[in-house]
Amino acid sequence: MRGLGPLTVSRLAAFLGSVRVRLLVIALMPMLVLLPVLLGGTMWRWSNKVDDILVNKVTGDLTIADQYLARLVELSGEQIDAVARSVAMQDALGTGVTAAFLERERDRLGLDFLRIETAAPTAQHWPVIAAALTGSLLSAVDVLEAADLEALSPGLAEQAEIPLVLTRAAVPTDRTVETRGMIIHSAAPLTLPDGRAAALVGGVLLNRNLDFIDTINALVYREQSLPEGSQGTATLFLEDVRVSTNVRLFENVRALGTRVSAEVRAQVLDEGRVWLDRAFVVNDWYISAYEPIHDSFGERVGMLYVGFLETPFRNAKRSSVLILGGAFVLIALASVPVFLRWAGHIFRPLEAMTRTIAKVEAGDLAARNNPPDVGDEIAQVAGHLDNLLDRLQARDRELRDWAESLEARVAERTSDLQAANQRLERTTERLIISEKLAAVGEITASVAHEINNPVAVIQGNLDLARSTLGPEVDAVAEEFRLIDDQIYRIGVIVSKLLQFARPEEYSGVRNLIVPGEVVRDCLVLTRHQAEAAGITCAPAFESAAAVRMSRTELQQVVVNLILNAIHAMPGGGTLTVATADREACVVITVADTGTGIAPDVLPRIFDPFFTT
């Protein structure tokens, strides 16, 4: 190769250092070097953002599926507990028709098995049963061997059996069939007629439970929630084997018995971490989410999966890249000749535009070129740039206004939601208290009526004994008097029980009374207890109004409040009892200087028969 002569080198150096070349470099470098890098970086970041959005979506999908499974487990326990607590259950145990009753309930609740377990060692091996035998309701997901399934219900082991299908990328195994069964396992405490503790145990087999998995898929992936060509899938795994799925092998054949990839198994089952990424599912790539399922022992026994086909999103990204790349090439081919022709006229305007853009990038959106009105193209470009900056500034202002408006709306909606939640909690608390009082009232009324019957028999036989003994009754007159007193006392107790259960029927005589006088009498009745406890009474009777009500009932309530206040001040203190008029009412206040009510007891003070 011949070397370059000194003259040639000098000319080349002069050419490269000329203003023309420098202008060309300055003009063409943004288009041919910087813009491709910026476009490539933008596309790379956009692609990553799309992937993040897809992962966020599948994360939300997994949350919905997990909540649905958790609700099924919880609902199973509630249903079985309701059966265990029912009167029909006790009737069936007492009449010897337990098996028929359990079969009817099993069919009604859609369970695969429902049976009674006692304190046998084999039954206590399961935490859900052990918990029920100690009086606690527990529901969980468990995995049972084929023999255990067959013992629970004939044919259940055969229903759970799933042949394994050779699956690409799965961990190698010598097994050819999955004989274990994954069940929703629930147990509720039950007391047998002889007083022994037992457990009512029931559950649903999840192997081949297509209704369960199709419901999850319908909840997560509704119609038109995914782009055309994509499809949502959901699967329940027993370890790494699909035991319930809507993933298809081909046509309408579900991929039961196929297995998860080794990579997913290692992260989810072995390490216990959630998988949120693309994964190969049976025969294609899916944006996937897997989470471990724990049994009642706390061991990882399976996985819950949701995901959707990646292909439509991958094709959309590829098409976008090709379109943007082609557009860039066309723009570059169209722009380079213009830059070459007008390079000599752009130096100064370019510096001005560069300074303007720098100011805008620094945050000065009001910066403009303000080109002189010379009519050339560079001036027009500078003017167009000013117009674009005007639009950018206006758009920025609109976005800021929109962001502020959105924040205000979010704050308003959040406040409304919090208020609604608080109202719901208060309503729920009142409903629970009402239900408790209604239940206690029904039980109390039933007990009172049941006591009346033997009391009437005792009274009748007592009268018969008097008439039979004749003159000899005087020898046992004191015993008969004691019996009469006790019968009368029982009658008073029954009347009070009925008054508590049905106050509208047994409210007693209502007279026009002065509450202040009743309260003053109550202080007299409790004066001995107060003095014995070293308590100083501070009465403040400001009301002389009369109220139509039962004097006995008011006296009973006030005495109870005063005694409670005395008990709350074992070391002495001040008891304040006051009456005052308020509008059309009389307010009675009983206050003490005792220790008060503990915060954990406060919500239960209106529970019937509750005491500390």
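First residue of the sequence shown: 4, per our numbering; consecutive thereafter.
Don't be surprised by glycine CBs; every beta carbon is placed ideally from N, CA and C.
Just so we're clear, the structure is a prediction, and the values are computed from it rather than from any experiment.
Item, Value
"Beta-ladder partner(s) of S264, from DSSP", "A173"
"Beta-carbon proximity list for A382, same chain, < 6 Å, skipping 5 on both sides", "P374"
"Inter-residue Cα distance where the pair is D595 and A601", "15 Å"
"Cβ contact (3+ pairs, closer than 8 Å) linking the segment 293-310 and the segment 143-160", "yes"
"CB of D298 within 7 Å of CB of L208, strictly", "no"
"Distance between beta carbons of V309 and V61, contact taken as under 8 Å", "6 Å"
"Helix, strand or coil at E364 [DSSP, three-state]", "helix"
"Whole-number beta carbon distance between V517 and L564, since they are thought to touch under 8 Å", "The Cβ separation is near 18 Å, so there is no contact."
"Local conformation of V309 per DSSP, three classes", "strand"
"Pairwise C-alpha distance: A370 and L327", "30 Å"
"Length at least 4, wholly inside the segment 69-133: the alpha helix (DSSP H) runs in chain order", "90-98, 101-112 and 124-127"
"Alpha helix (DSSP H) runs wholly inside the segment 529-599, at least 4 long, in chain order", "530-535 and 554-570"
"Buried versus exposed, by CB contacts within 10 Å (16 or more), W129", "buried"
"Sheet register partners of N514 (DSSP bridge)", "M552"
"Per DSSP, cross-strand counterpart(s) of T194", "A200"
"Residues bridged to R303 (per DSSP)", "H297"
"Any non-hydrogen atom of the ligand MN within 6 Å of F316 CB", "This structure simply doesn't include the ligand MN, nor any ligand for that matter."
"Reference C540; option with closest CA among V550, A548, L526 and M552", "L526"
"Local conformation of A160 per DSSP, three classes", "helix"
"Check whether E233 and F311 have beta carbons under 7 Å apart", "Reading off the sequence shown, one finds Ser at residue 233, where the question assumed Glu. Yes."
"Where T416 falls, given that 16 or more other Cβ within 10 Å makes a residue buried", "Looking at the sequence itself, residue 416 is Arg, so the reference to Thr does not match. So R416 ends up on the exposed side."
"Proximity of S89 and S189 at Cβ, strictly below 7 Å", "no"
"Residue(s) in a DSSP beta bridge with P33", "DSSP lists no partner for P33."
"Buried versus exposed, by CB contacts within 10 Å (16 or more), D603", "exposed"
"Simplified DSSP assignment, three categories, for R317", "helix"
"Per-residue DSSP class, three states only, for E148", "coil"
"Whole-angstrom distance between Q82 and A441, CA atom to CA atom", "22 Å"
"N-terminal and C-terminal residue of the alpha helix (DSSP H) that T179 is part of", "That residue, T179, is in no alpha helix (DSSP H); it is neither H nor E in DSSP."
"Straight-line gap, F609 to L195 (C-alpha atoms, nearest Å)", "32 Å"
"Coarse secondary structure for F240, derived from DSSP in three states", "strand"
"Backbone CA spacing between V460 and F483 [nearest angstrom]", "15 Å"
"Member of R513, I569, D524 and Q559 whose CA lies at the smallest distance from the CA of A617", "The chain is shown from 4 up to 615; residue 617 falls before or after that span and cannot be answered."
"Unbroken alpha helix (DSSP H) run spanning V277, endpoints", "Counting along the chain, V277 falls outside any alpha helix (DSSP H), and DSSP gives it neither H nor E."
"Local Cβ density within 10 Å of L485, reported as buried at 16 or more and exposed below that", "exposed"
"Close beta carbons around R551, own chain, < 6 Å, minus the five adjacent residues each side", "R513 and L515"
"Any C-beta of chain B under 7 Å from that of S156", "Of the protein chains in the structure, only one exists, and it is not chain B."
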